[in-house]
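J.: If you scroll down you'll find the structure; I have some questions about it.
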Amino acid sequence: DVKVTQSSRYLVKRTGEKVFLECVQDMDHENMFWYRQDPGLGLRLIYFSYDVKMKEKGDIPEGYSVSREKKERFSLILESASTNQTSMYLCASSPPGQGIANEKLFFGSGTQLSVL
Amino acid sequence: GQQLNQSPQSMFIQEGEDVSMNCTSSSIFNTWLWYKQDPGEGPVLLIALYKAGELTSNGRLTAQFGITRKDSFLNISASIPSDVGIYFCAGLNAGGTSYGKLTFGQGTILTVHP
Numbered sequence: 003d004v005k006v007t008q009s010s011r012y013l014v015k016r017t018g019e020k021v022f023l024e025c026v027q028d029m030d031h032e033n034m035f036w037y038r039q040d041p042g043l044g045l046r047l048i049y050f051s052y053d054v055k056m057k058e059k060g061d062i063p064e065g066y067s068v069s070r071e072k073k074e075r076f077s078l079i080l081e082s083a084s085t086n087q088t089s090m091y092l093c094a095s096s097p098p099g100q101g102i103a104n105e106k107l108f109f110g111s112g113t114q115l116s117v118l
Numbered sequence: 004g005q006q007l008n009q010s011p012q013s014m015f016i017q018e019g020e021d022v023s024m025n026c027t028s029s030s031i032f033n034t035w036l037w038y039k040q041d042p043g044e045g046p047v048l049l050i051a052l053y054k055a056g057e058l059t060s061n062g063r064l065t066a067q068f069g070i071t072r073k074d075s076f077l078n079i080s081a082s083i084p085s086d087v088g089i090y091f092c093a094g095l096n097a098g099g100t101s102y103g104k105l106t107f108g109q110g111t112i113l114t115v116h117p
């Protein structure tokens, strides 16, 4: 089974802090994604990466950056955390290829971030 | 970006009842998917639909890809307590190299009373 591991289940940070959310997958997937989940808004894509050192903006990239130095690890960075970034953050990965294979995302259990 | 409108937002049902939920879009999708998120976990893929009009089952779950390609439906028959969770629809236009960039609905929160 594919395992996507997020380093923290809960995080509490202060406004202005730099925050790192880490994600590791063990199935040699090329594609990795960061989503945030908010009640009533569903899942919204922040950034994704289809290869090491490659990154693409999703629908809501403002206030975030990412790093993919190794294939198995995809980090989400909040340069200066703000209260409106309080949310559940979900990491996902998927195998390479076009069309059918990519739709099957494998998600981590999520990190609930609270910014005070 | 594209918007998916999922309804209902929440459902409270008795064990044994059937459940229906749907998802509509203002634009066409080539692929529709349904994910379920158990409490405290990430979403897991339930069903994937690739052709307009397609009807696919997975145990007690049945999903349909709308003929207009702008909607999809999920039915759960004879619900049980472990059906509790959040159900998300997702759409994809697999043009070119999509990298699995899905658009998700807002989710339907399902509560099942024993």
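The listed protein sequences correspond, in order, to chains A and B.
For what it's worth, the working numbering labels the leading residue of the first sequence as 3, then goes sequentially.
For what it's worth, the working numbering labels the leading residue of the second sequence as 4, then goes sequentially.
Each residue gets a CB set at the ideal place from its N, CA and C atoms; glycine is no exception.
Remember, predicted model here, so these are calculated numbers, not experimental data.
Note down the Cα distance separating A/Lys59 from A/Ile79, rounded to an integer number of angstroms.
T.: A/Lys59 and A/Ile79: Cα-Cα distance of roughly 13 Å.
J.: Going along the stretch 73-95 of chain B in order, which residues come within less than 7 Å of chain A, judged by CB to CB distance?
T.: Taking 7 Å as the Cβ-Cβ cut-off against chain A, the residues of the stretch 73-95 of chain B that qualify are Phe91 and Leu95.
J.: If the criterion is Cβ atoms closer than 7 Å, does the pair B/Phe120 and A/Gly44 meet it?
T.: Shown here, chain B extends from 4 to 117; a query on residue 120 of chain B therefore has no answer.
J.: Is there a Cβ from chain B that is less than 7 Å from the Cβ of A/Ile76?
T.: Note that residue 76 of chain A is Phe in the sequence shown here, rather than Ile. No, A/Phe76 lies away from the interface with chain B (no Cβ there is under 7 Å from its Cβ).
J.: Determine the chain A residues that contact B/Phe107 at a beta-carbon separation under 7 Å, and present them in chain order.
T.: The answer, in chain order, is Gly44 and Leu45.
J.: Taking only runs of the alpha helix (DSSP H) that begin and end inside the stretch 41-83 of chain A, which ones reach a length of at least 4 residues, in chain order?
T.: Runs of the alpha helix (DSSP H) inside the stretch 41-83 of chain A: none found.
J.: Using the beta-carbon of each residue, which ones in chain B are nearer than 7 Å to A/Gly112?
T.: By Cβ distance, chain B contributes Gly45.
J.: Excluding sequence positions up to five away, which residues of its chain have a Cβ less than 8 Å from the Cβ of B/Lys73?
T.: Thr27, Ser28, Ser29, Ser30, Ile31 and Phe32.
J.: B/Ala66 versus chain A: which residues are under 8 Å apart at the beta carbon?
T.: Near B/Ala66 there are no residues of chain A at all, since even the closest Cβ is about 13 Å away, more than 8 Å.
J.: Could you please give me the residues that DSSP links to A/Gln39 through a beta bridge?
T.: Paired residue(s): A/Leu45 and A/Met90.
J.: Inspect the CB distances between the stretch 85-101 of chain A and the stretch 29-40 of chain A and report whether three or more fall short of 8 Å.
T.: Yes, the stretch 85-101 of chain A touches the stretch 29-40 of chain A.
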